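Here is the structure we will look at.
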Amino acid sequence: MLSCDICGETVTSEPDMKAHLLIVHMESEVICPFCKLSGVNYDEMCFHIETAHFEQNELERNFERISTIQYGTSENGKDNTAQCRMEVNSSIHSACASNHPKISAQSLPKDCTLKHKAFYSENLTESRKFTKSKEKQCDLSKIKGSVHETMYSPPNCPFCGKIEDCSQDMETHVKTKHANLLDTPLEDCDQSLYNCPMCGLICTNYHILQEHVDLHLEESSFGQGMDRVQCSRDLELAHQLQEEEDRRRKSEESRQEIEEFQKLQRQYGLDNSGGYKQQQLRNMEREVNRGRMHPSEFHRRKADMMESLAIGIDDGKTKTSGIIEALYRYYQNAAPDVRRVWLSTVVDHFQSSFGDRGWGCGYRNFQMLLSSLLQNDAYDDCVKGMSVPCIPKIQSMIEDAWKEGFDPQGASQLNNRLQGTKAWIGACEVYTLLTSLRVKCHIVDFHKSTGPLGTHPRLFEWILNYYSSEGERSQKVVCTSKPPIYLQHQGHSRTVVGIEERKNRTLCLLIFDPGCPSREMQKLLKQDMEASNLKQLRKFVGNLKHKQYQIVSIEGVLTSEEKVARRQASQVFTAEKIP
1 MLSCDICGET
11 VTSEPDMKAH
21 LLIVHMESEV
31 ICPFCKLSGV
41 NYDEMCFHIE
51 TAHFEQNELE
61 RNFERISTIQ
71 YGTSENGKDN
81 TAQCRMEVNS
91 SIHSACASNH
101 PKISAQSLPK
111 DCTLKHKAFY
121 SENLTESRKF
131 TKSKEKQCDL
141 SKIKGSVHET
151 MYSPPNCPFC
161 GKIEDCSQDM
171 ETHVKTKHAN
181 LLDTPLEDCD
191 QSLYNCPMCG
201 LICTNYHILQ
211 EHVDLHLEES
221 SFGQGMDRVQ
231 CSRDLELAHQ
241 LQEEEDRRRK
251 SEESRQEIEE
261 FQKLQRQYGL
271 DNSGGYKQQQ
281 LRNMEREVNR
291 GRMHPSEFHR
301 RKADMMESLA
311 IGIDDGKTKT
321 SGIIEALYRY
331 YQNAAPDVRR
341 VWLSTVVDHF
351 QSSFGDRGWG
361 CGYRNFQMLL
371 SSLLQNDAYD
381 DCVKGMSVPC
391 IPKIQSMIED
401 AWKEGFDPQG
411 ASQLNNRLQG
421 TKAWIGACEV
431 YTLLTSLRVK
441 CHIVDFHKST
451 GPLGTHPRLF
461 EWILNYYSSE
471 GERSQKVVCT
481 SKPPIYLQHQ
491 GHSRTVVGIE
501 ERKNRTLCLL
511 IFDPGCPSRE
521 MQKLLKQDME
531 ASNLKQLRKF
541 VGNLKHKQYQ
551 IVSIEGVLTS
561 EEKVARRQAS
571 QVFTAEKIP
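Letter by letter, the sequence shown follows residues 1 to 579 of the UniProt record's numbering.
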């Protein structure tokens, strides 16, 4: 005879007890005693506790083992243990049946044992409040009182009574020796099983699976929404950072452009810091302060400068004359390594002074060209009655040429103003000024290197052809009627006054540089001039390696009609390019 632990009713066999438990005591749903999970069937809950609460379930296993020992009544200990275990299992099955009416008798294990007895500890405790056996309630209270001692005693196997040293060894023993008691094969269940495609949870009902998957989808949708919100925020932040970076970059670029523009203004004399007169006075005052100039000399030079500016003629204090004649004498009597040399017409050298140092090379080279034209009878119609002008006068003459309509683009670049500034001038301004005087000239642009290592052999060949078109080939020294050539490159300009053809067939230009001091140029006037004195004039092919060179060559005199035509052509400035 078997007795129901919940209501005390007796039945004759185990199948009758199963039926009794399923019919009478299935009232509430199955609830996990550890995390309160509900809404699943018995097998699913057993799987949940075995995987999620194995350590917590160890205490309840010991509790059930002690219950089995205390409830034994047979004289044979093993029979008592087996019978008590069966009674406890029966009571647990009763609780299971009363808690979950969906579970059928066929879904329970054949040996009427559960995988997790702790699963029904709450339901078992509640149901025993209504039991008719007061003796069992007293015994249960005593057993609960002894749980504390049991927790700290060596663990015993609840199935076979074996004692292990620690809980890990007991866990290994139970899983290996009593696996058939812990796991209920899913094949024994009559119900159809459904696996969640997202987390692998096993459900016995399709509707439960659908609700479970819907929860996954809601969580996923919520997560995607949060991701979109976060992505939107990140994108907005990225836009803000990019805009700030763009503003900083534009501000920095603007600042650099302003600085570069101001630097160029200072470099080309357009920074409104005054012109020739102001610079001359400042530099002379500096010399006086340094003790290099006597105050009386300062006042004398200042008076001479004011007079020169008033009449518009250069005072000649930086001029050196007679160099071409001295060179002719030298080449006639010396220079054994020179095969032939061609010299321009007579030309004076003009050195930069206190007033134009650093920016006046273009003006000084124009003075050299004009000094040659003034001594050349072929150009009397153009420059007759003129004198070599001072730098402020040259600036005024260029402004007048702009007003006539020459080179409007160049005038615009220099704000149509040169007087009172330290603005640089180049080949275009020299061409404009000469053309306005009816001097026929030509600009040639050697815009890139034509030789190895950045050299310009084509420039040397062009100048040789320019000068060698006159004179006998048999002569060593040829004084041509050709005016000197204006030579411009980045940052500086000079004047070509001749060319040497050496015995090794190399070419060498003879150049007047405004930056060369007058005292050095005057050494060329000595009767016993040495070859070393020519070093400052000679420039070989390897000495000219700037990226670009421009020359202005003088070719004759323009008629009035030709002058007008050239003025029209200067609206869009063009130059002959080589190569």
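Quick reminder that beta carbons are idealized off the backbone N, C-alpha and C, glycines included.
Keep in mind it's a predicted model, so treat the numbers as computed, not measured.
Here's a check: name, in chain order, each residue in its chain whose Cβ is nearer than 6 Å to the Cβ of R233, leaving out the five neighbours to either side. none
Since L487 contacts I551 with CB under 8 Å, what's their CB separation in whole angstroms? 5 Å
Hey, could you find the ends of the alpha helix (DSSP H) G556 is sitting in? Note, G556: premise wrong, no alpha helix (DSSP H); beta strand (DSSP E) at Y549 to V557.
Between T574, L270, E562 and E501, which lies nearest to K539 when the distance is taken from Cα to Cα? E501
Per DSSP, what kind of secondary structure is S500 in: helix, strand or coil? In the sequence as presented, Ser is not what sits at residue 500; that position holds Glu. Residue state, collapsed to three classes: strand.
What does DSSP give as the partner residue(s) for Q488 in the beta ladder? S493 and Q550
Report the rounded CA-to-CA distance for M198 versus D214, giving the unit in angstroms. 11 Å
Grouping DSSP H, G and I as helix and E and B as strand, with all else coil, what is K539? strand
L281, enclosing alpha helix (DSSP H) - first and last residue: Y276 to N289
Best match in I324, L453 and L433 for proximity to I407 [C-alpha to C-alpha]: Residue identity check: residue 407 is Asp in the sequence provided, not Ile. Checked all of I324, L453 and L433; the closest Cα to D407 is L433.
Could you say which of T345, I398, K523 and A303 lies nearest to L534 if we only look at CA atoms? K523
As a quick exercise: from V496, C32 and L2, pick the residue whose alpha carbon is nearest that of L369. V496
Spatial neighbours of V564 in its chain, beta-carbon cut-off 7 Å, leaving aside the 5 residues before and after: none
Straight-line CA distance for G515 to T480? 26 Å
For L215, does the three-state DSSP call read helix, strand or coil? helix
Secondary structure of V347, DSSP reduced to three states: coil
Under the three-state DSSP convention, the category S38 falls into: strand
I need the straight-line Cα distance from L209 to H216, nearest angstrom please. 11 Å
Which same chain residues end up closer than 8 Å to L453 when comparing Cβ atoms and leaving out the 5 residues on each side of it in sequence? G542 and K545
Where R249 falls, given that 16 or more other Cβ within 10 Å makes a residue buried: exposed
Over the uninterrupted alpha helix (DSSP H) stretch that includes D380, give me the two end residues. D380 to V383
So Q499 packs on I463, CB below 8 Å; how close in whole Å? According to the sequence displayed, residue 499 carries Ile and not Gln. Contact flag correct, Cβ pair sits at about 5 Å.
Have a look at the DSSP bridge pairing and note the partners of R340. E501
Does the Cβ-Cβ distance between G269 and T421 come in under 7 Å? yes
Go ahead and pull the three-state DSSP assignment for Y206. helix
Can you tell me where the beta strand (DSSP E) holding H442 begins and where it ends? V439 to F446
Drop a sphere of 10 angstroms on the beta-carbon of A423, count the other beta-carbons inside from all chains shown, and report buried for 16 or more, exposed for fewer. buried
Are D348 and S308 close, meaning C-beta to C-beta below 7 Å? no
Based on Cα-Cα distance, which residue from L327, S220, Q571 and C46 lies nearest to A411? Q571
Evaluate contact between the region 234-245 and the region 325-334, counting only Cβ atoms and requiring at least three cross-stretch pairs below 8 Å. no
Report the option in H53, I31, D314 and Q224 whose CA atom is closest to the CA atom of G355. D314
Take the Cβ of R494 as the centre, count every other Cβ of all protein chains shown within 10 Å, and call the residue buried at 16 or more, exposed below. buried
Taking DSSP as the reference, what is the three-state secondary structure of P389? strand
I need the DSSP call for F573, collapsed to helix, strand or coil. coil
Nearest-angstrom Cα separation, counted from C196 out to C84: For C84, the predicted structure reports a pLDDT of 38, less than 50, and the residue's modelled location is therefore unreliable. A value from the coordinates is still provided. Using only the alpha carbons, I get a separation of about 39 Å.
Specify the secondary structure class of N533 as computed by DSSP and reduced to three states. helix
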